[in-house]
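Protein chains: 2
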Amino acid sequence: MTESRVERKEKTRRAILDAALALSADTTLVALSLRQVAKEVGIVPTAFYRHFPSIDDLGLALVEESLDTLRTLLRELRHSVGDDAGSIIDGSVTVLVEQVRLNHAHFGFIARERFAGPQPVREAIAHGIDLAERELATDLAHLPGTDQWSEVDLQTLSSLIVGAMVTTAERLLTAGPGSPAERKIADSTRAQLRMMVIGAQQWRSKR
Amino acid sequence: MTESRVERKEKTRRAILDAALALSADTTLVALSLRQVAKEVGIVPTAFYRHFPSIDDLGLALVEESLDTLRTLLRELRHSVGDDAGSIIDGSVTVLVEQVRLNHAHFGFIARERFAGPQPVREAIAHGIDLAERELATDLAHLPGTDQWSEVDLQTLSSLIVGAMVTTAERLLTAGPGSPAERKIADSTRAQLRMMVIGAQQWRSKR
DNA sequence: AGTTTCGGTGTACAGACGTACACCCAAACT
DNA sequence: AGTTTGGGTGTACGTCTGTACACCGAAACT
Chain V
258 MTESRVERKE KTRRAILDAA LALSADTTLV ALSLRQVAKE VGIVPTAFYR HFPSIDDLGL
318 ALVEESLDTL RTLLRELRHS VGDDAGSIID GSVTVLVEQV RLNHAHFGFI ARERFAGPQP
378 VREAIAHGID LAERELATDL AHLPGTDQWS EVDLQTLSSL IVGAMVTTAE RLLTAGPGSP
438 AERKIADSTR AQLRMMVIGA QQWRSKR
Chain S
258 MTESRVERKE KTRRAILDAA LALSADTTLV ALSLRQVAKE VGIVPTAFYR HFPSIDDLGL
318 ALVEESLDTL RTLLRELRHS VGDDAGSIID GSVTVLVEQV RLNHAHFGFI ARERFAGPQP
378 VREAIAHGID LAERELATDL AHLPGTDQWS EVDLQTLSSL IVGAMVTTAE RLLTAGPGSP
438 AERKIADSTR AQLRMMVIGA QQWRSKR
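Respectively, the protein sequence lines represent chains V and S.
For the first sequence, my numbering assigns the number 258 to the initial residue and increments by one for each residue that follows.
For the second sequence, my numbering assigns the number 258 to the initial residue and increments by one for each residue that follows.
Structural data, given as structure tokens:
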């Protein structure tokens, strides 16, 4: 009863976003019809236009959201710093598993739409991941032990790490949350990150 | 004139596959209609059924094809062995760039459908990549220097390498063939692989 | 109190979709 | 020579799609 108009509007907007996320979970945005979404939300098809000009724009909003939870993940990672490299890695993977579990829908969305979505959506995702890579590179530069690294090398390492994380996230998505496969992936990723870090450490001294 | 019936049939079958590959290039299989394909080929919609029961089955045929060129890539990689680890890496990346350039359509198809395609298609791709990973692991086991590696470690390393290759292939796809971006990706990948190999070598002695 | 704004409704239409069915005709069998 | 096979055609259907248009009613403004 006592609901302002903006509140109501925001509510159905959320409902539309959630419905689109749920409905596209087992296909893609490009295979999602405006009418399906409207039916799921419980509104008439034409009412959709009160919120988004098209499905593609809906998609862009979802990208924004999903990239936001990706950034949250990265922020979370930075806060989980331990003393030695080993505990940093362990913590990071734990956080990754946790976040993917928690935001299954968003990470799944990114994985699906990254290459198969409408082109503006693809571009937005690519740009977001690119940004994350750059941020990680500057973060790495502030870490002790990387003082002498060249910019190119820092970018190379950060691209390697982000790539591994994306791959791991995708693997985690196909494995059920809490499944034994999930644990195996986590362990494997920890080992891989350790390999990378060892390689990176040796790398500098080798040049 | 002088064309047997099987020849004709094979010809239109190929035309259908090619049309589907071309049409799905900027969307997805799930957004591809039987009628679009038929129109592109130049046959009437119902004639499609003479070759495939459904679009999904067409998709499975395309997966088979694409996985075949993936296997070709891996075979090619094995043949490009050099003396030291460095030249192996350089050669491998060169081959990867070359093959992705040559089979742009197939690798693009795999990248798109891996997570967004119809489920049977997704499963087939996952299985194919899984198989490639396993094959690489047994190949690594036959390499000198890995005698003492445990099976788990071999799988970990091969998963890391395959993951990096898939990621690189995806990056190459978004970069234009012959573009400066392509060269940058190749160089970066070479550096990453070197890091991994160094890490892996140190890894064994560390355990 | 009177008016405007705006999220949601209902009807309506043209186009694309998958697919069933009857048909054609040249190649391939007997 | 006569018959069967099978790739391709054309029509026809019911369903789903995006979207245009006129309308409603309550919240928000004046």
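Built from N, CA and C at the ideal position, the CB exists for glycine as well.
Please read these numbers as outputs of a predicted model, since none were measured by experiment.
Where residue i falls, given that 16 or more other Cβ within 10 Å makes a residue buried
i, result
"serine 445 (chain V)", "buried"
"arginine 440 (chain V)", "exposed"
"leucine 400 (chain V)", "exposed"
"serine 415 (chain S)", "buried"
"arginine 271 (chain S)", "exposed"
"aspartate 410 (chain S)", "buried"
"alanine 279 (chain V)", "exposed"
"alanine 488 (chain S)", "Absent from the model: residue 488 (chain S). The displayed extent of chain S is 258 to 464, so no value can be given."
"threonine 395 (chain V)", "exposed"
"valine 298 (chain S)", "buried"
"arginine 262 (chain V)", "exposed"
"alanine 438 (chain S)", "exposed"
"histidine 308 (chain V)", "buried"
"leucine 407 (chain V)", "In the sequence as displayed, the identity of residue 407 (chain V) is serine instead of leucine. With fewer than 16 Cβ atoms within 10 Å of its Cβ, serine 407 (chain V) is classed as exposed."
"alanine 398 (chain V)", "exposed"
"glutamate 370 (chain V)", "buried"
"methionine 258 (chain V)", "Residue confidence for methionine 258 (chain V) is low, a pLDDT of 46 falling below 50, so the modelled location carries little weight; the figure read from the coordinates is stated next. Classification of methionine 258 (chain V): exposed, given that the 10 Å Cβ count is below 16."
"serine 349 (chain V)", "buried"
Nearest to residue i (by Cα), restricted to the options the options
i, options, result
"lysine 266 (chain S)", "S:Thr395, S:Ala304 and S:Pro434", "S:Ala304"
"valine 378 (chain S)", "S:Gln405, S:Asp396, S:Arg428 and S:Asp313", "S:Asp313"
"glutamate 321 (chain V)", "V:Val423, V:Met452, V:Ser407 and V:Ala381", "V:Ala381"
"valine 294 (chain V)", "V:Arg451, V:Ala276, V:His336 and V:Ala362", "V:Ala276"
"alanine 362 (chain V)", "V:Val454, V:Arg307, V:Asp283 and V:His336", "V:Asp283"
"glycine 343 (chain S)", "S:Phe372, S:Arg391, S:Leu450 and S:Gln459", "S:Leu450"
"arginine 328 (chain S)", "S:Ser337, S:Glu264 and S:Ala389", "S:Ala389"
"aspartate 387 (chain S)", "S:Leu359, S:Asn360 and S:Leu417", "S:Leu417"
"valine 454 (chain S)", "S:Thr351, S:Tyr306, S:Ser337 and S:Thr413", "S:Thr413"
"valine 301 (chain S)", "S:Thr269, S:Ala432 and S:Gly348", "S:Thr269"
"leucine 330 (chain V)", "V:Gln458, V:Val423 and V:Tyr306", "V:Val423"
"leucine 359 (chain V)", "V:Ile442, V:Leu430 and V:Ser337", "V:Leu430"
"threonine 351 (chain V)", "V:Ile442, V:Gly433, V:Ala432 and V:Met452", "V:Ile442"
"glycine 433 (chain V)", "V:Glu355, V:Pro310, V:Gln458 and V:Leu334", "V:Glu355"
Beta-carbon gap between residue i and residue j smaller than 8 angstroms
i, j, result
"leucine 289 (chain V)", "serine 281 (chain V)", "yes"
"isoleucine 346 (chain V)", "arginine 428 (chain V)", "no"
"leucine 319 (chain S)", "phenylalanine 366 (chain S)", "yes"
"leucine 291 (chain V)", "glycine 316 (chain V)", "no"
"leucine 353 (chain V)", "threonine 403 (chain V)", "no"
"phenylalanine 372 (chain S)", "alanine 383 (chain V)", "no"
"glycine 385 (chain S)", "leucine 324 (chain S)", "yes"
"glycine 456 (chain V)", "glycine 456 (chain S)", "yes"
Under the three-state DSSP convention, the category residue i falls into
i, result
"valine 378 (chain S)", "helix"
"phenylalanine 372 (chain V)", "helix"
"glutamine 412 (chain S)", "helix"
"threonine 326 (chain S)", "helix"
"isoleucine 345 (chain V)", "helix"
"methionine 258 (chain V)", "The predicted model places methionine 258 (chain V) with a pLDDT of 46, which falls under 50 and marks its position as unreliable; any figure quoted below should be read in that light. Looking at methionine 258 (chain V) - three-state DSSP - the assignment turns out to be coil, as it is neither helix nor strand."
"threonine 446 (chain S)", "helix"
"glutamine 459 (chain V)", "helix"
"serine 337 (chain V)", "coil"
"serine 436 (chain S)", "coil"
"methionine 452 (chain S)", "helix"
"isoleucine 418 (chain V)", "helix"
"aspartate 314 (chain V)", "helix"
"glycine 365 (chain S)", "helix"
"glycine 385 (chain S)", "helix"
"leucine 400 (chain S)", "coil"
"threonine 303 (chain V)", "helix"
"threonine 285 (chain S)", "coil"
"glutamine 405 (chain V)", "coil"
Residue i beta carbon near the ligand GTP (any heavy atom closer than 7 angstroms)
i, result
"threonine 403 (chain V)", "Although the ligand GTP was asked about, the structure shown includes no ligands whatsoever."
Rounded distance between the beta-carbons of residue j and residue i, thought under 8 angstroms
i, j, result
"glutamine 405 (chain S)", "arginine 461 (chain S)", "6 angstroms"
"leucine 393 (chain V)", "valine 419 (chain V)", "6 angstroms"
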